[in-house]
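Going by full-length UniProt numbering, the residue at position 76 of the sequence shown is 76; the numbering climbs one at a time, nothing skipped.
Some notes on the structure that comes next.
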Amino acid sequence: MVPDRINLFSYCWHLLTPLLLISGSGWSMPTPVAVEVKASVVNGCVVSGTNPSAIGTLNFGTLPGINSAATTASAVFANNTTITLACTPGTTLTMSINGGANYANSSRNMKIANNTDLVAYALYTNAAHTTAIPLNTALNVTYSNANNIVLPIYGLAQIPRVNRAGTYTDTLTVTLNW
């Protein structure tokens, strides 16, 4: 009979041990532990909208075909209203602009369709036309509203005394880096 008592004791011990452990842990004091929660936000920018490859226009308006002398016309870059350029606040944004599709004679040019006539123009970062935008050179873009950044592009066209009537155009490539 002795072997049965050992089996009974072993059997009871195996049944009660988990209950003793559960009961013991239920009586212990909770120990607070820290859990670190964090996220890293990196600088970045996004161009979004219906056609992000066409960010805006530089329109010199309608000009007379004959002038008494060569003259200039100015234009201000207008953002495409369906495009938004936004950056995380504090992001350093730079832009560079190529020579355009009609670059010739060390000048950016607008060209009339189906002809070789050109109208030269220059780009500036301010309305006073004192800071030129050189070819393919990264320039810092300052902004006050990180959710709606307007590129500082101003133009000054050199209108010859006599021009062929028609629409003169050019396409620039603006490269943004951050």
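The beta carbon of each residue, even a glycine, is placed where N, CA and C say it ideally should be.
I believe residue i touches residue j by the beta-carbon criterion, under 8 Å. Please report the beta-carbon distance rounded to the nearest angstrom.
| i | j | result |
| --- | --- | --- |
| residue 110 | residue 118 | 7 Å |
| residue 95 | residue 150 | Contact flag wrong, Cβ pair sits at about 11 Å. |
| residue 167 | residue 113 | 7 Å |
| residue 173 | residue 98 | 5 Å |
| residue 160 | residue 70 | 6 Å |
By Cβ distance, which residues of its chain are closer than 6 Å to residue i, with the 5 residues on each side in sequence left out?
| i | result |
| --- | --- |
| residue 59 | 75 |
| residue 79 | 56 and 150 |
| residue 82 | 49 and 50 |
Residue i to residue j, Cα distance in whole Å?
| i | j | result |
| --- | --- | --- |
| residue 165 | residue 67 | 13 Å |
| residue 179 | residue 139 | Look at the range of the chain in this structure, 1 to 178, and you will see that residue 179 is not part of it. |
| residue 129 | residue 72 | 12 Å |
| residue 162 | residue 115 | 15 Å |
| residue 86 | residue 125 | 19 Å |
| residue 88 | residue 48 | 14 Å |
| residue 147 | residue 175 | 19 Å |
| residue 106 | residue 43 | 36 Å |
| residue 37 | residue 53 | 38 Å |
| residue 136 | residue 144 | 25 Å |
| residue 45 | residue 31 | 44 Å |
Can you find the residues in the same chain that come closer than 8 Å, C-beta to C-beta, to residue i, ignoring five residues on each side of it along the sequence?
| i | result |
| --- | --- |
| residue 170 | 100, 101, 102, 108, 109, 110, 111 and 121 |
| residue 77 | 56, 57, 58, 150, 151, 152, 153, 154 and 155 |
Please confirm if residue i has its CB atom under 7 Å from at least one CB of chain C.
| i | result |
| --- | --- |
| residue 113 | Of the protein chains in this structure there is only one, and it is not chain C. |
Can you list, in chain order, the residues of its chain whose CB lies under 7 Å from that of residue i, leaving out five sequence neighbours each side?
| i | result |
| --- | --- |
| residue 84 | 48, 49 and 148 |
| residue 41 | 88 |
Could you give the uninterrupted runs of the beta strand (DSSP E) lying entirely in the UniProt domain "Spore coat protein U/FanG" (34 to 175), keeping only those of 3 residues or more?
45 to 49, 56 to 58, 71 to 79, 83 to 87, 93 to 97, 108 to 112, 118 to 124, 139 to 141 and 154 to 159
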